[in-house]
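Please read the structure below before turning to the comments.
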């Protein structure tokens, strides 16, 4: 066991590198997408459903057949985890997702909901 | 003087090591549980933990060696798995193993350029990357959106664990009677 110092020059370099990596990752991963939000619902890595949120006429519940069980709530322009039979409730606490780029995940059920932007044909129609 | 010291350590070594190992494991489990009690941080992936209990594994790595640090990590992972479910156990293990491995390598490195802050930050970054990897394997690339915040939280948590170790180690060495 060595008597280490609290601080060394290399620590600063390390901290700056990690901070720079965080900023770079944010720039790459958090690129704001434009257009209609499309909710991509995936279970265990497999895409289950794509929901164009602007095309949702009235709100409905979307129960998923997972273990633990998860219920999504879909409303015009927004989506959220409404209920999850897991102890931590992180996905439910993520709240509503309404703009492209937003993500909520329930790890125990392996469900992810990610909003993608779709500025394609519909944008022209609009 | 040093010879008697060595003999003493050899005689008491095993019992002392087992006792300290048990204590550190208890501390790791308690910290891990305490962290679970805290409100989840906004922007953290579900089930991801800051890794405050890394203080205990790092203390085990510095005072008792890599094998003991590994044992503490495994006990902590088993506890998380039993109390918070398989997913939490996997997350804890992945984060714990990666960070303990990295910290042990740094501690063994004779010309390690880092101080305690740097070692703490390395451990925390590895901890969070391990957890993100498990999240990714369980779901899909959607969880990568958490990476930037995970890295920033790792800086804070790592600096905190490094500082804690720096303060604790002299006292611990005095009490446990091992070289500082």
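Chains as they are written, first to last, in our numbering: chain A, 1 to 126; chain B, 127 to 306. Heads up, the beta-carbon is just placed ideally off N, CA and C, and yes, glycines get one too.
Residue(s) in a DSSP beta bridge with residue i
i	result
residue 103 of chain A	A/114
residue 151 of chain A	Residue 151 of chain A lies beyond the residue range present for chain A, which begins at 1 and ends at 126; the question has no answer from this structure.
residue 292 of chain B	None, per the DSSP bridge assignment.
residue 97 of chain A	A/79
residue 36 of chain A	A/118
residue 145 of chain B	Its beta-bridge partners do not exist; DSSP assigns none.
Euclidean distance between Cα positions of residue i and residue j
i	j	result
residue 242 of chain B	residue 94 of chain A	35 Å
residue 234 of chain B	residue 181 of chain B	18 Å
residue 125 of chain A	residue 100 of chain A	Unreliable positioning characterises residue 125 of chain A in this predicted model, as indicated by a pLDDT of 38, which lies under 50. A coordinate reading is not provided.
residue 190 of chain B	residue 236 of chain B	17 Å
residue 200 of chain B	residue 57 of chain A	50 Å
residue 7 of chain A	residue 240 of chain B	7 Å
residue 105 of chain A	residue 65 of chain A	16 Å
residue 294 of chain B	residue 96 of chain A	43 Å
residue 78 of chain A	residue 279 of chain B	29 Å
residue 259 of chain B	residue 275 of chain B	15 Å
residue 163 of chain B	residue 157 of chain B	10 Å
residue 139 of chain B	residue 203 of chain B	26 Å
residue 266 of chain B	residue 238 of chain B	36 Å
residue 4 of chain A	residue 297 of chain B	14 Å
residue 43 of chain A	residue 69 of chain A	12 Å
residue 193 of chain B	residue 301 of chain B	22 Å
residue 264 of chain B	residue 107 of chain A	7 Å
(Q) Which complete alpha helix (DSSP H) runs does the region 190-275 of chain B hold, if anything under 4 residues is left out? (A) Within the region 190-275 of chain B, the complete alpha helix (DSSP H) runs of at least 4 residues are 192-210, 212-234 and 242-264.
(Q) Pairs of beta-carbons, one from the region 225-244 of chain B and one from the region 144-152 of chain B, closer than 8 Å: are there three or more? (A) no
Q.
For the region 1-25 of chain A, list every residue whose C-beta sits within 9 Å of some C-beta in chain B, in sequence order.
A. 1, 2, 3, 4, 5, 6, 7, 8, 9, 10, 11, 12, 13, 14, 15, 18, 19, 21, 22, 23, 24 and 25
Q.
Does the structure place the region 272-284 of chain B close enough to the region 250-257 of chain B that three or more beta carbon pairs sit under 8 Å?
A. yes
**Q.** Sufficient close CB pairs (3 or more, under 8 Å) joining the region 97-115 of chain A to the region 31-38 of chain A
**A.** yes
Q | Near-chain B residues of the region 106-117 of chain A - C-beta to any C-beta below 7 Å | A | 106, 107, 108, 110, 112 and 114
Q | the region 138-160 of chain B: positions lying closer than 9 Å to chain A by Cβ | A | none
Q) Is it true that the region 204-223 of chain B meets the region 83-97 of chain A, where meeting means three or more beta-carbon pairs spaced less than 8 Å apart? A) Contact between the region 204-223 of chain B and the region 83-97 of chain A is present: 3 or more CB-CB pairs across the two stretches fall below 8 Å.
Q. According to a CB-to-CB cut-off of less than 9 Å, which residues of the region 263-283 of chain B neighbour chain A?
A. 263, 264, 265, 266, 267, 268, 269, 270, 271, 272, 273, 274, 275, 276, 277, 278, 280 and 281
Q) At what residue ranges does the region 46-82 of chain A contain a whole run of the alpha helix (DSSP H), taking only runs of 4 or more? A) Secondary structure in the region 46-82 of chain A: no alpha helix (DSSP H) run of 4 residues or longer lies completely within the stretch.
Q.
Taking beta-carbon pairs under 7 Å, can you tell me which members of the region 202-216 of chain B lie near chain A?
A. 210, 211 and 213
Q. Listed from N- to C-terminal order along the chain, which residues in the region 39-66 of chain A have their beta-carbon within a distance smaller than 9 Å of any beta-carbon of chain B?
A. 40, 42, 43, 44, 45, 46 and 47
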